[in-house]
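Visitor: Protein chains in written order, with UniProt numbering: chain A, 1 to 255; chain B, 1 to 266.
From the three backbone atoms N, C-alpha and C, an ideal C-beta is built for every residue, glycine too.
Structure provided below as structure tokens; questions to follow.
What follows is the structure in structure tokens.
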């Protein structure tokens, strides 16, 4: 009960602002005589979320799969590249300029190439999300692995500890908060990538739904798709925050 | 040549800076006996921390030879405990796990050393704090845990680099007494005590703790004075108020600032 009390004390301004915006929106549409295809009222968006002709479950499933796939790919590849960079100066010199080059490419511009190479499907859209989201993971992993106090490394040298042991016992736990903090950015980037991929080439998914509403002028459905996208995005973000809380409780309040 | 636990012969160190070579240490010769508590004092940048690391084998000397327990030091030597200015405890490990870290790094079974770790924590006044995370302890308590970590493998040589430098004055004086107690100045015969090389900025701290104080001058670091501290052990708080204590402080202060030649008497 006290926890709930503290929660409501902290978040009532959020709730009030949100309710106020929704109410203003509804009032503006109702009394301002705005046409439905320009700006649908919150209530019709609400209706479109649950009813209407759109088979949400299928689209939601496709997009969620793409987002999770993109996130996992970015996380695994990003951490692996970060470890490689921190492990060996030669690998760092080989990889860093190349990765910086890849990161400066506008990923959206590559999406049509993915269509040519891989056709339609879930995988190219996952790849797009991973491509947008992997870079911060690489950088934060490499930084977290190298930001160890020199005295701590001296301690390792005194005991003649092998390099892998220093990695496992000191460097990797040290990097964990950095990695988790990058994964929060990746969670958002994975959503962007999946939707961009669907915009360019797809037959299913929430991004596909938005594209089709352009021709049908069914704006409330486009809004409903946006709501679903943000629900998936928020859930993934929340999962990463929870993971950080469980895996790196000592870093709480650091970022 | 002298036969001490640590023998330094004409040790020098020059490193390359952007502006050219910098001579950090020059012509350091000294012999430190087993069981001796020796402090190194000197101004910032006199190379006293560097000298400590050279003794540990963590930095190479560019000239001269260093032998510890009869062996020439060319790489990190295992039988030492190190304490730094910051406790550098691993944030994600409990205090007990931190104290046991040297066992893991040295490839020993931490489970076997657990009783010793717990005993050390108790001796350092940290009984019951084993399961806590470092951030739950005060700075002084964290530094005590770092001392326990340094003592875990029972090294004959303890190297301490301004270990109390980050603590407030009152905690600092407490820690000095605590260190002497843990070192065993009351319970152990002189030969059974650990050899301690203690780097500090504070002359009173050096006098209070040591059997001998080596004063270093800056740029390049040289030995300006090497003074025996003949104060009775065990040292007590009252000692700080005695005339002998004050006289030694003054003598070291003069050696440090180079005001008179009076500090160079041995």
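1) According to DSSP, simplified to helix, strand and coil, what is residue 37 of chain A?
2) Between the stretch 157-164 of chain B and the stretch 191-200 of chain B, do three or more beta carbon pairs fall short of 8 Å?
3) Take every Cβ of the stretch 108-124 of chain A, pair it with every Cβ of the stretch 52-61 of chain B, and state whether three or more of those distances are shorter than 8 Å.
4) List the endpoints of the continuous alpha helix (DSSP H) containing residue 150 of chain A.
5) Smallest Cα separation from residue 220 of chain B: which of B/48, B/8 and B/110?
6) For residue 25 of chain B, collect the residues of the same chain with a Cβ closer than 7 Å to its Cβ; drop the 5 residues on either side in sequence, then sort them by chain order.
7) Checking 8 Å against the spacing of the C-beta atoms, do residue 213 of chain B and residue 227 of chain B come in under that value?
8) Can you tell me the Cα-Cα spacing of residue 79 of chain A and residue 138 of chain A, whole angstroms?
9) Tell me residue 288 of chain A's beta-bridge partners as DSSP assigns them.
10) Using the beta-carbon of each residue, which ones in chain A are nearer than 9 Å to residue 271 of chain B?
11) Once DSSP output is grouped into helix, strand and coil, what is the label at residue 147 of chain A?
12) Are at least three pairs of beta-carbons, each pair with one atom in the stretch 148-156 of chain A and one in the stretch 78-96 of chain A, less than 8 Å apart?
13) Using Cβ-Cβ distances below 9 Å, what residues of the stretch 155-170 of chain A are close to chain B?
14) Going by DSSP in three states, residue 145 of chain B sits in which element: helix, strand or coil?
15) In the DSSP assignment, the beta strand (DSSP E) including residue 198 of chain B goes from what residue to what residue?
16) Buried or exposed for residue 265 of chain B, please, with buried defined as at least 16 other CB atoms from any protein chain shown within 10 angstroms of its CB.
17) I believe residue 250 of chain A touches residue 179 of chain B by the beta-carbon criterion, under 8 Å. Please report the beta-carbon distance rounded to the nearest angstrom.
18) Closest to residue 256 of chain B by C-alpha separation, out of B/216, B/112 and B/193, would be which residue?
19) Any C-beta of chain A sitting closer than 8 Å to the C-beta of residue 91 of chain B?
20) So for residue 59 of chain A, helix, strand or coil by DSSP?
21) Alpha carbon to alpha carbon, how far is residue 121 of chain B from residue 131 of chain B? Give it in angstroms, no decimals.
22) Once you ignore the five residues that flank residue 2 of chain B on each side, which residues in its own chain have a CB closer than 8 Å to its CB?
23) Is the beta carbon of residue 187 of chain A sitting closer than 8 Å to the one on residue 226 of chain A?
24) What are the start and end residues of the alpha helix (DSSP H) that includes residue 37 of chain B?
25) So, at 8 Å on beta carbons, what are the nonlocal neighbours of residue 60 of chain A in its own chain, with the 5 sequence-adjacent residues on each side left out?
26) Suppose the cutoff is 7 Å on Cβ atoms and the five residues either side in sequence are ignored; what does the same chain contact list for residue 243 of chain A look like?
27) Are the Cβ atoms of residue 193 of chain A and residue 130 of chain A separated by less than 8 Å?
28) Give me the chain A residues within the contact set of residue 104 of chain B, using Cβ-Cβ distance strictly less than 7 Å, ordered along the chain.
29) In whole angstroms, what separates the C-alpha of residue 173 of chain B from that of residue 98 of chain B?
30) In this structure, how does DSSP classify residue 120 of chain A when only helix, strand and coil are distinguished?
31) May I have the straight-line CA-CA distance separating residue 43 of chain A from residue 52 of chain A, to the nearest angstrom?
32) Tell me which residue opens and which closes the beta strand (DSSP E) that residue 237 of chain B is part of.
33) Indicate whether at least one CB of chain A lies closer than 8 Å to the CB of residue 141 of chain B.
34) Between which two residues does the alpha helix (DSSP H) harbouring residue 97 of chain B extend?
35) Which one of B/195, B/184 and B/229 has the shortest CA to CA distance from residue 203 of chain B?
36) Taking a contact to mean a Cβ-Cβ separation below 8 Å, would you say residue 48 of chain A touches residue 26 of chain A in this structure?
Guide: Taking the definition as stated:
1) coil
2) yes
3) no
4) 150-158
5) B/48
6) 11, 12, 13, 47, 50, 51, 220 and 221
7) yes
8) 6 Å
9) What the structure shows of chain A is the stretch from 1 to 255, and residue 288 of chain A is not part of that stretch, so it cannot be assessed.
10) Outside the displayed span of chain B (1 to 266) sits residue 271 of chain B, for which this structure offers no information.
11) coil
12) no
13) 155, 156, 157, 158, 159, 160, 161, 162, 165, 166, 169 and 170
14) helix
15) 195-200
16) Model confidence at residue 265 of chain B stands at a pLDDT of 45, short of 50, so the residue's coordinates are unreliable and nothing is read from them.
17) Between residue 179 of chain B and residue 250 of chain A the Cβ distance is about 28 Å, and since that is not below 8 Å, they are no contact.
18) B/216
19) yes
20) helix
21) 11 Å
22) The predicted model places residue 2 of chain B with a pLDDT of 49, which falls under 50 and marks its position as unreliable, so this point remains unresolved.
23) no
24) Careful: residue 37 of chain B lies outside any alpha helix (DSSP H), inside the beta strand (DSSP E) at 37-41.
25) 206, 228 and 232
26) 180
27) yes
28) 169
29) 25 Å
30) coil
31) 13 Å
32) No beta strand (DSSP E) holds residue 237 of chain B; DSSP gives it neither H nor E.
33) no
34) 95-99
35) B/229
36) no
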